[in-house]
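Reading through the structure tokens given below for one structure.
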Amino acid sequence: MSVGSAAQPAAGAKAAGDGSRLFLFYNSPVGKKAVMAVTGLVGFGFVIGHMLGNLQIFLGPEVMNAYGMKLHETPPLLYGARTVLLGAVALHIIAALQLIKMNSDARPTKYAKVSPVTSSYASRTMWWSGPILGFFIVYHLLHFTSGAAHPNFTYQDAARHIPAPYENVVAGFSNPLVSLFYIIAMILLMLHINHGAWSLFQSLGLNHPRYTPLIRTVARTASYALLIGNCAIPLAVLAGVVK
Amino acid sequence: MKITLHVWRQKDRNAQGKLVRYECPNVSEHMSFLEMLDVLNEDLTTKGEDPVAFEHDCREGICGSCGIVINGVAHGPMPGTTVCQLHMRHFKDGDELYLEPWRAKAFPVMKDLIVDRGAFDRIIAAGGYISVPAGSAPDGNAIPVPKEDSDRAMDAAQCIGCGACVAACPNASASLFTSAKISHLGLLPQGQPERYERALNMVQQMTIEEFGACGNIGECEAVCPKRISIENIARMHRDYMNGAFSARPNAEAGSAG
Ligand code: HEM
Ligand code: SF4
Ligand code: FES
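So the protein sequences, as listed, match chains A and B.
Letter by letter, the first sequence follows residues 1 to 243 of the numbering used here.
Letter by letter, the second sequence follows residues 1001 to 1257 of the numbering used here.
Encoded structure:
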């Protein structure tokens, strides 16, 4: 097949025997991708639920603020969800950075010409749609969760520090620049999920001619639903529909 | 017809390479791509220049020696076709083509369009075997194999080890190749004894060789001359995870056997 150089000897049957299983597992790209997939699935489930919760803004301030109140009055739910999500995001980012490095090291000399044959734009751009989403997540938390990046953050129950999501969202999105940034982030989320929500199954070893086409359709549909559902909120505020 | 080539020329492993422009004024549409390069090389030799080095052997699409990235596509524009089986009738008069070697850290360029694919050999050595009793040939049908399994194993076994999957992958991942080698043994009863250890060892070797990670992008499958499916990559992930968590180290294996 080729002229072999014995620079790196074959690993032999050693791998199955010694060393920490978890280390061995995570050390390979397959293990890192499994971590990406599980944490990405947590994120995927969250962004869907989060969008459905937020769409209640169209039902008026009472419903929206009552939803926020309910979350804050159920600490096990709120803090449980926050812990799982922060843990998942942290692991997702660590594995992503390692994979991005591994992949860029794997091709030190670039091609003069690259012409993709079948792959989607979304699949080839995960390595930058993801990191930008990371910055968006930080801004988003400072904006609507803590209020540190919100010029007029208000509370529905100041004593217990429970924010008023309806007023905060309307005030926040009234700034067209803020809305624009959210919309750009949602386009990136659409791209990231468009590929990610089917890719995660493949990473976990689930591919079957009977189900994979369906999974790919569901992933694509979910990504468009996220784009439309999430962008509807800043657009409705800018258009004065939600005020 | 007239074809303009920009060919990657590199003296040896350590030299700086560059794209060099060549005109091929009399290309027949009946020529194979490699025959066009043969003619170019004859011209270069007559002029006393160094011919373009490229790998080839069978020229019938079965050995896996050849491989050139043509205008950014491994093995060129025809799906399911090695570059030796690609004919000039698929190009137009006046076409300008960029010819580059497979690009991956694990495949260092040796000269011009030839890369060292020893990393593939070492991945195979790490697990591409089964345990069979030596001696006389086993009875042909002693072990029944369901037709569907043997078909899928044969599909995976078609991999000729050309390396186009690595070349086409934006991450220079060797997952399609490695998964084909893992699958064609792992799908058959004869491959069961080492199934999970094989996946562990071959994936580990793939990691050591510094190939990239699979992003499930699918460019590999699209350029593979043998149309190996990425379903094999999912099988590799399954077997690897199974192996990493459930396979027992040899010392722990049961003593009752
Ligand atoms: C809204 C939050 C996010 C969600 C829902 C999400 C979801 C996903 C999913 C489902 C995958 C597919 C995993 C697989 O192929 O097995 C993925 C891949 C990826 N994510 Fe995220 N992600 C999010 C944020 C991020 C962030 C903040 C980063 C930045 C570091 C990131 C970087 C990546 C990269 C680089 C990949 C591709 C990995 C590869 O194929 O090698 N993601 N993401
Ligand atoms: S999987 Fe296909 S592209 Fe990759 S080495 Fe085998 S035959 Fe070549
Ligand atoms: S030369 Fe043998 S496959 Fe092309």
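Positions of the beta carbon are idealized from the N, C-alpha and C atoms, including for glycine.
**Message:** ligand 3 and residue 1062 of chain B: does any heavy atom of the ligand fall closer than 8 Å to the residue's C-beta?
**Reply:** Counted from its first residue, the second sequence places residue 1062 of chain B at position 62. Yes.
**Item:** Nearest-angstrom Cα separation, counted from residue 1003 of chain B out to residue 1020 of chain B
**Value:** Along the second sequence, read from residue 1 onward, the residue named residue 1020 of chain B stands at position 20. Along the second sequence, read from residue 1 onward, the residue named residue 1003 of chain B stands at position 3. Whole-angstrom Cα-Cα distance: 14 Å.
**Asked** How big is the Cα-Cα spacing for residue 1155 of chain B and residue 1149 of chain B?
**Response** Looking up residue 1155 of chain B in the second sequence gives position 155. Looking up residue 1149 of chain B in the second sequence gives position 149. Rounded to the nearest angstrom, the gap between the Cα atoms of residue 1155 of chain B and residue 1149 of chain B is 10 Å.
**Prompt:** In whole angstroms, what separates the C-alpha of residue 261 of chain A from that of residue 88 of chain A?
**Reply:** Outside the modelled stretch of chain A, which goes from 1 to 243, sits residue 261 of chain A, for which no answer is possible.
**Prompt:** Taking Cβ positions, are residue 106 of chain A and residue 1212 of chain B nearer each other than 9 Å?
**Reply:** Translated into positions along the first sequence, residue 106 of chain A becomes position 106. Translated into positions along the second sequence, residue 1212 of chain B becomes position 212. For residue 106 of chain A and residue 1212 of chain B, yes; Cβs fall inside 9 Å.
**Request:** Go ahead and label residue 1253 of chain B buried or exposed: buried means 16 or more other beta carbons lie within 10 angstroms of its beta carbon, across all protein chains shown.
**Result:** Against the second sequence, residue 1253 of chain B aligns to sequence position 253. Residue placement at residue 1253 of chain B is poorly supported in this model, since its pLDDT is 47, which falls under 50; the coordinates are not used for a value here.
**Proximal chain A residues relative to residue 1235 of chain B, where beta-carbon distance stays under 9 Å** = Counting from one through the second sequence, the residue named residue 1235 of chain B turns up at place 235. Within chain A, the residues whose beta carbon sits less than 9 Å from that of residue 1235 of chain B are 205, 207, listed in sequence order.
**Prompt:** Within the 9 Å Cβ cut-off, does residue 146 of chain A reach chain B?
**Reply:** For the purposes of this step, residue 146 of chain A is taken as the residue at position 146 of the first sequence. The beta-carbon of residue 146 of chain A is placed no less than 9 Å from the nearest beta-carbon of chain B.
**Prompt:** Apart from the five residues on each side of it in sequence, which residues of its chain come closer than 7 Å, Cβ to Cβ, to residue 230 of chain A?
**Reply:** By 1-based counting over the first sequence, the position of residue 230 of chain A is 230. By the criterion of a C-beta distance shorter than 7 Å, residue 230 of chain A is surrounded in its chain by 51, 186, once the five residues flanking it on both sides are discounted.
**Prompt:** In chain order, what residues of the same chain have a beta carbon less than 8 Å from the beta carbon of residue 1190 of chain B, not counting five sequence neighbours either side?
**Reply:** In the second sequence, counting from the first residue as 1, residue 1190 of chain B sits at position 190. Closer than 8 Å at the Cβ level, and outside the excluded window around residue 1190 of chain B, lie 1130, 1132, 1143.
**Item:** Whole alpha helix (DSSP H) elements within the region 25-78 of chain A, 4-residue minimum
**Value:** The qualifying runs are 29-54, 61-72.
**Prompt:** Any C-beta of chain A sitting closer than 9 Å to the C-beta of residue 1056 of chain B?
**Reply:** Stepping through the second sequence from its first residue, residue 1056 of chain B is reached at position 56. In terms of beta-carbon proximity, residue 1056 of chain B stays away from the interface with chain A, with every pair separated by 9 Å or more.
**Message:** Quick check on residue 23 of chain A: buried or exposed, where buried means 16 or more other Cβ atoms within 10 Å of its Cβ?
**Reply:** For this step, residue 23 of chain A is matched to residue 23 along the first sequence. With fewer than 16 Cβ atoms within 10 Å of its Cβ, residue 23 of chain A is classed as exposed.
**Request:** Answer yes or no: does any C-beta atom of chain A fall closer than 9 Å to that of residue 1006 of chain B?
**Result:** Position 6 of the second sequence, counted from the start, is the residue given in the question as residue 1006 of chain B. At least one chain A Cβ lies under 9 Å of residue 1006 of chain B.
**Item:** Cutoff 6 Å; reference residue 1006 of chain B; Cβ partners in own chain excluding five residues on either side
**Value:** Within the second sequence, residue 1006 of chain B is the residue found at index 6, counting from 1. Hits under 6 Å: 1019, 1021, 1098.
**Asked** Which value, in whole angstroms, describes the spacing of the CA atoms of residue 1015 of chain B and residue 1058 of chain B?
**Response** For the purposes of this step, residue 1015 of chain B is taken as residue 15 along the second sequence, with counting starting at 1. For the purposes of this step, residue 1058 of chain B is taken as residue 58 along the second sequence, with counting starting at 1. Spanning the two alpha carbons is a distance of roughly 29 Å.
**Asked** CB-CB under 6 Å to residue 41 of chain A, same chain, minus the five flanking residues each way: which ones, in chain order?
**Response** Here residue 41 of chain A is taken as the residue at index 41 of the first sequence, counted from 1. Cβ neighbours of residue 41 of chain A beyond the five flanking positions: 200.
**Message:** Distance cutoff 9 Å, beta carbons only. Does residue 1191 of chain B sit that close to anything in chain A?
**Reply:** Translated into the one-based positions of the second sequence, residue 1191 of chain B becomes position 191. Under the 9 Å criterion on CB atoms, residue 1191 of chain B is classed as non-interfacial with respect to chain A.
**Message:** Strictly closer than 6 Å from CB to any heavy atom of ligand 2: give me those residues in the order they appear in the chain.
**Reply:** Cβ atoms closer than 6 Å to ligand 2 belong to B/1159, B/1160, B/1161, B/1162, B/1163, B/1164, B/1165, B/1176, B/1177, B/1180, B/1224, B/1225, B/1226, B/1228.
**Message:** Is there a C-beta anywhere in chain A that falls below 9 Å from the one on residue 1014 of chain B?
**Reply:** Looking up residue 1014 of chain B in the second sequence gives position 14. With respect to chain A, the C-beta atom of residue 1014 of chain B has no partner C-beta closer than 9 Å.
**chain A contact residues for residue 1033 of chain B, given Cβ-Cβ distances below 8 Å** = Here residue 1033 of chain B refers to the residue found at position 33 when the second sequence is read from its first residue. Chain order gives no chain A residues near residue 1033 of chain B, where near means a beta carbon separation below 8 Å; the closest approach is about 16 Å.
**Asked** How is residue 1004 of chain B classed by DSSP in three states: helix, strand or coil?
**Response** Translated into positions along the second sequence, residue 1004 of chain B becomes position 4. Three-state DSSP puts residue 1004 of chain B in a strand.
**N- and C-terminal bounds of the beta strand (DSSP E) containing residue 1097 of chain B** = Along the second sequence, read from residue 1 onward, the residue named residue 1097 of chain B stands at position 97. Residue 1097 of chain B -> beta strand (DSSP E) spans 1096-1100.
**Asked** residue 1212 of chain B touches chain A at which residues, Cβ-Cβ below 9 Å?
**Response** Taking the first residue of the second sequence as position 1, residue 1212 of chain B is located at position 212. Those within 9 Å of residue 1212 of chain B in chain A are 29, 99, 102, 103, 104, 105, 106, 107.
**Request:** Go ahead and pull the three-state DSSP assignment for residue 206 of chain A.
**Result:** Start at 1 with the first residue of the first sequence, and residue 206 of chain A comes out as number 206. Secondary structure at residue 206 of chain A: coil, using DSSP grouped into helix, strand and coil.
**Asked** Is there at least one Cβ from chain B nearer than 9 Å to residue 25 of chain A's Cβ?
**Response** Here residue 25 of chain A refers to the residue found at position 25 of the first sequence. Taking a beta-carbon distance threshold of 9 Å, residue 25 of chain A counts as an interface residue toward chain B.
**Item:** Of the residues B/1217, B/1222, B/1181, the one placed nearest residue 1206 of chain B, counting alpha carbons only
**Value:** Taking the second sequence and counting its residues from 1, the one referred to as residue 1206 of chain B is at position 206. Closest by alpha carbon: B/1181.
**Asked** Closer than 8 Å: is that where the CB of residue 153 of chain A sits relative to any heavy atom of ligand 1?
**Response** Sequence index remark: in the first sequence, residue 153 of chain A carries index 153 (1-based). Result no, Cβ not under 8 Å from ligand 1.
**Prompt:** Using the rule of at least 16 other Cβ atoms within 10 Å of the residue's Cβ for burial, across every protein chain shown, is residue 233 of chain A buried or exposed?
**Reply:** Locating residue 233 of chain A in the first sequence gives position 233, counting from the first residue. Buried: at least 16 other Cβ atoms inside 10 Å.
**With 16 other Cβ atoms within 10 Å as the buried cut-off, status of residue 1009 of chain B** = Taking the second sequence and counting its residues from 1, one reaches residue 1009 of chain B at position 9. Buried: at least 16 other Cβ atoms inside 10 Å.
**Item:** Three-state class that DSSP yields for residue 1189 of chain B in the structure shown
**Value:** Along the second sequence, one-based indexing puts residue 1189 of chain B at 189. The answer is helix: DSSP assigns residue 1189 of chain B an H, G or I state.
**Message:** Any heavy atom of ligand 1 closer than 8 Å to the beta-carbon of residue 122 of chain A?
**Reply:** Here residue 122 of chain A refers to the residue found at position 122 when the first sequence is read from its first residue. Because no heavy atom of ligand 1 lies under 8 Å away, the Cβ of residue 122 of chain A does not count as near it: no.
**Message:** Looking at residue 1200 of chain B: is its Cβ nearer than 9 Å to the Cβ of residue 1244 of chain B?
**Reply:** Along the second sequence, read from residue 1 onward, the residue named residue 1200 of chain B stands at position 200. Along the second sequence, read from residue 1 onward, the residue named residue 1244 of chain B stands at position 244. Here residue 1200 of chain B is near residue 1244 of chain B, since their CB atoms are less than 9 Å apart.
**Message:** I'd like to know if residue 128 of chain A contacts chain B, where contact means its C-beta is closer than 9 Å to some C-beta of that chain.
**Reply:** Here residue 128 of chain A refers to the residue found at position 128 of the first sequence. No, residue 128 of chain A does not count as interfacial toward chain B.
**Item:** Coarse secondary structure for residue 1124 of chain B, derived from DSSP in three states
**Value:** Within the second sequence, the letter at position 124 stands for residue 1124 of chain B. Residue 1124 of chain B: helix per DSSP, three-state reduction.
**Request:** Could you tell me whether the Cβ atoms of residue 1209 of chain B and residue 1123 of chain B are closer together than 9 Å?
**Result:** The sequence position of residue 1209 of chain B within the second sequence is 209, counting from 1. The sequence position of residue 1123 of chain B within the second sequence is 123, counting from 1. Yes.
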